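Heads up, the thing below is written out as structure tokens.
Residue numbers (my numbering): 13 to 162.
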């Protein structure tokens, strides 16, 4: 089964978040005093990154639909996209990290790498292929200047 661009990344993150949450009720937490504050900062920062990224796409009148990257009409390389080629996915990974820390759930340390590997293979790689075909040297130059994640 080909999973490329089939499941929206927020759905993948939501499923993993639910699994992380459920595991925190089953597996004894790692109990680090005060980690909740750090977790809330990470979650809030991650939501901010996602919101800024979505707003940038809307301002540039290009699609935010991760299931159809072929509809992209403009290469966005400013704002959050000047720091990461995938700030929305980075934000989702950040939210999972924050949830893991807030709930002090050991399983999150497995779920986060799974999310990143899945997104790299089934979302980012197909997107990069399409964007390279569409924007050619401009996208190749952008990739040489800005990292995939951070």
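Quick reminder that beta carbons are idealized off the backbone N, C-alpha and C, glycines included. Fair warning: this is a prediction, and the values are worked out from it, not measured in the lab.
- Shown here for residue 159: same chain residues with a beta carbon closer than 8 angstroms to its own, the five before and five after excluded, namely 96 and 97 in chain order.
- Ranked by how close their Cα comes to the Cα of residue 18, the residues 161, 140, 145 and 134 have 134 in first place.
- Contact between residue 108 and residue 127 holds: their C-beta atoms lie close to 6 angstroms from each other, under 8 angstroms.
- Residue burial is scored here from C-beta neighbours: residue 121 has fewer than 16 other C-beta atoms within 10 angstroms and is therefore classed as exposed.
- DSSP places residue 39 outside both helix and strand once states are collapsed to three, so it counts as coil.
- Contact check for residue 146 and residue 84: beta-carbon distance about 7 angstroms, within the 8 angstroms limit, so the pair qualifies.
- Pairing residue 27 with residue 123, the inter-Cα distance amounts to about 10 angstroms.
- For residue 99, the uninterrupted alpha helix (DSSP H) segment begins and ends at 99 to 115.
- With 16 or more other Cβ atoms from the protein chains shown falling within 10 Å of its own Cβ, residue 139 counts as buried.
- Bounds of any alpha helix (DSSP H) do not take in residue 16, whose DSSP letter is neither H nor E.
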